[in-house]
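**Q**
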Amino acid sequence: MKINIITAFPDFFKSPLETSIIKKGIEKGKIKIEIVNLRDFSNNKHKRIDDYPYGGGPGMVLKVKPIFNAVKTIKEKDNKLKTKVILLSPHGEKLTQLKVRKLLKEENLILICGHYKGVDERVKKFIDEEISIGDYILSGGELPALVIIDSVVRLIPEVIGDIESANTDSFEIGLLDHPHYTKPRIFMREKVPDVLLSGNHKKIEEWRKRMSYLSTAKKRNDLLES
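As numbered in this note's numbering, residues 50 to 275 make up the sequence shown, in order.
(1) Quick one: is Ser-247 buried, meaning 16 or more other Cβ sit within 10 Å of its Cβ, or exposed?
(2) List the endpoints of the continuous beta strand (DSSP E) containing Ser-138.
(3) Using the Cα positions of Phe-175 and Val-134, report the straight-line distance between them to the nearest angstrom.
(4) In chain order, what residues of the same chain lie with their CB nearer than 7 Å to the CB of Lys-96, ignoring the 5 residues before and after it?
(5) Tell me where the beta strand (DSSP E) around Arg-275 begins and ends.
(6) Since Asn-86 and Leu-130 are thought to touch, with beta carbons under 8 Å apart, how far apart are those beta carbons, to the nearest angstrom?
(7) On the DSSP letters alone, give me the boundaries of the alpha helix (DSSP H) that Val-85 sits inside.
(8) Once the 5 residues before and after Leu-273 are set aside, which same chain residues still bring their CB inside 7 Å of it?
(9) Is the CB-CB distance between Val-110 and Asp-169 below 8 Å?
(10) Is it a yes or a no for the stretch 221–233 touching the stretch 72–83, going by three-plus beta-carbon pairs under 8 Å?
(11) Would you give the residue range spanned by the beta strand (DSSP E) that Ile-253 belongs to?
(12) Please classify Gly-183: is it buried, with 16 or more other beta-carbons within 10 angstroms of its beta-carbon, or exposed?
(13) Just to confirm the assignment, what range does the beta strand (DSSP E) spanning Ile-159 have?
(14) Among Ile-84, Lys-112, Gly-108, which one has its Cα closest to the Cα of Asn-93?
(15) Within the same chain, show all residues whose beta-carbon is closer than 6 Å to that of Glu-179, passing over the 5 residues directly before and after it, in chain order.
(16) Quick check on the burial criterion: 16 or more other C-beta atoms within 10 angstroms. Buried or exposed for Leu-160?
(17) Going by CA-CA distance only, name the one from Ile-82, Pro-193, Ile-197, Arg-171 that's closest to Val-149.
(18) Let me know the secondary structure DSSP gives Leu-178 once reduced to three states.
(19) Leaving out the 5 sequence neighbours to the left and right, which residues in its chain are closer than 7 Å to Ser-200 when beta-carbon positions are compared?
(20) Cα separation between Asp-60 and Asn-270?
(21) If we count the other Cβ atoms within 10 Å of its Cβ and call it buried at 16 or more, is Pro-236 buried or exposed?
(22) For Ile-55, which of Glu-83, Arg-257, Ile-71 has the nearest alpha-carbon?
(23) Could you please give the first and the last residue of the uninterrupted alpha helix (DSSP H) stretch that includes Thr-231?
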């Protein structure tokens, strides 16, 4: 799988891509990530990629042509791969684990990181979809791009040591995960539940399912309703 990130701030990704799960995925050859500097596709001598919005108002808008040129170049380079172009945008479908599973099946992703006040609306002429990671404001699409990359990479077989661990995390079956405990058995007078020390795997599994449901009902009842 390959992921291309179109961004005006390529240095933003240096440390995250050299750390933890994403680093392992790259080193094992399971994922290839390419950072594309949007400024390289500006026809302005000052490498300018934004301008004032038509109609006036605050903020600056990312210009459509540099983005189009970047997407076109990537597609031509990766012409043997089926490519999906995604704009990280508050207007997009909210990212869920189901959406992550769908993205996992793609051969080649292009993630466009918005910035400033927004992106020229005409970018929608050549993208496939928009994705949002939540109802709050960020400085740009760089953090959402990293969220998508991390959530996808950790599901690629052989990237993490125990794929079953990833397959049983919160949201995989529409519920929050059950509580977890490790040593010591007693901390600040609170004991590890006896059932987890019983050795009875059937009872342990029943307890975990029950606690997963109760935790979801208490903290995220909306998940049960959906």
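Ideal placement from N, C-alpha and C gives every residue a C-beta, glycine not left out.
All values reported here derive from a predicted model rather than from experimental measurement.
**A** Let me spell this out:
(1) Within the sequence shown, residue 247 is the residue found at index 198, counting from 1. Sixteen is the threshold: since fewer than 16 other Cβ atoms of the shown chains lie within 10 Å of the Cβ of Ser-247, the residue is exposed.
(2) Reading the sequence shown from its first residue, position 89 is the one you call residue 138. Element bounds for Ser-138: 132–143.
(3) Position 126 of the sequence shown, counting from 1, holds the residue named residue 175. Position 85 of the sequence shown, counting from 1, holds the residue named residue 134. A straight line joining the alpha-carbon of Phe-175 with that of Val-134 spans about 8 Å.
(4) The count along the sequence shown starts at 1 and reaches residue 96 at position 47. Here the set comprises Arg-88.
(5) Taking the first residue of the sequence shown as position 1, residue 275 is located at position 226. According to the sequence shown, residue 275 is Ser rather than Arg. It is not in any beta strand (DSSP E) - Ser-275 carries neither H nor E in the DSSP assignment.
(6) The residue you call residue 86 lines up with position 37 of the sequence shown. The residue you call residue 130 lines up with position 81 of the sequence shown. The C-beta distance from Asn-86 to Leu-130 rounds to 21 Å, too long to meet the 8 Å contact threshold.
(7) Locating residue 85 in the sequence shown gives position 36, where the first residue counts as 1. Segment 81–86 is the beta strand (DSSP E) holding Val-85; no alpha helix (DSSP H) there.
(8) Position 224 of the sequence shown, counting from 1, holds the residue named residue 273. Around Leu-273: Thr-265, Ala-266.
(9) As a working mapping, residue 110 is identified with position 61 in the sequence shown. As a working mapping, residue 169 is identified with position 120 in the sequence shown. Yes, they are a contact pair.
(10) Too few Cβ pairs lie closer than 8 Å, so no.
(11) For this step, residue 253 is matched to residue 204 along the sequence shown. Annotation: Ile-253 is outside any beta strand (DSSP E); the continuous alpha helix (DSSP H) that includes it extends over 250–268.
(12) Position 134 of the sequence shown, counted from the first residue, corresponds to residue 183. The C-beta of Gly-183 has fewer than 16 other C-beta atoms within 10 Å across all chains shown, which makes the residue exposed.
(13) What you label residue 159 is simply residue 110 of the sequence shown in a count that begins at 1. For Ile-159, the uninterrupted beta strand (DSSP E) run begins and ends at 157–162, by DSSP.
(14) Within the sequence shown, residue 93 is the residue found at index 44, counting from 1. In terms of Cα proximity to Asn-93, the closest of Ile-84, Lys-112, Gly-108 is Lys-112.
(15) On the sequence shown, residue 179 is found 130 positions in, with the first residue counted as 1. Around Glu-179: Leu-136, Ser-138, His-140, Gly-141.
(16) The count along the sequence shown starts at 1 and reaches residue 160 at position 111. By the neighbour-count rule (16 or more Cβ atoms within 10 Å), Leu-160 is buried.
(17) The count along the sequence shown starts at 1 and reaches residue 149 at position 100. For the residues Ile-82, Pro-193, Ile-197, Arg-171, the minimum Cα distance to Val-149 belongs to Ile-197.
(18) By one-based count along the sequence shown, residue 178 stands at place 129. The residue asked about is misnamed: residue 178 is Glu in this sequence, not Leu. In the structure shown, Glu-178 falls within a strand segment according to DSSP collapsed to helix, strand and coil.
(19) Within the sequence shown, numbered from 1, the residue matching residue 200 stands at position 151. Hits under 7 Å: Val-149.
(20) As a working note, residue 60 is residue 11 in the sequence shown. As a working note, residue 270 is residue 221 in the sequence shown. Approximately 40 Å, taken between the alpha carbons.
(21) For this step, residue 236 is matched to residue 187 along the sequence shown. Note that residue 236 is Phe in the sequence shown, not Pro. Counting Cβ neighbours within 10 Å, Phe-236 comes out exposed, since fewer than 16 surround it.
(22) Taking the sequence shown and counting its residues from 1, one reaches residue 55 at position 6. For the residues Glu-83, Arg-257, Ile-71, the minimum Cα distance to Ile-55 belongs to Glu-83.
(23) By 1-based counting over the sequence shown, the position of residue 231 is 182. Thr-231 -> no alpha helix (DSSP H), and no H or E assigned at all.
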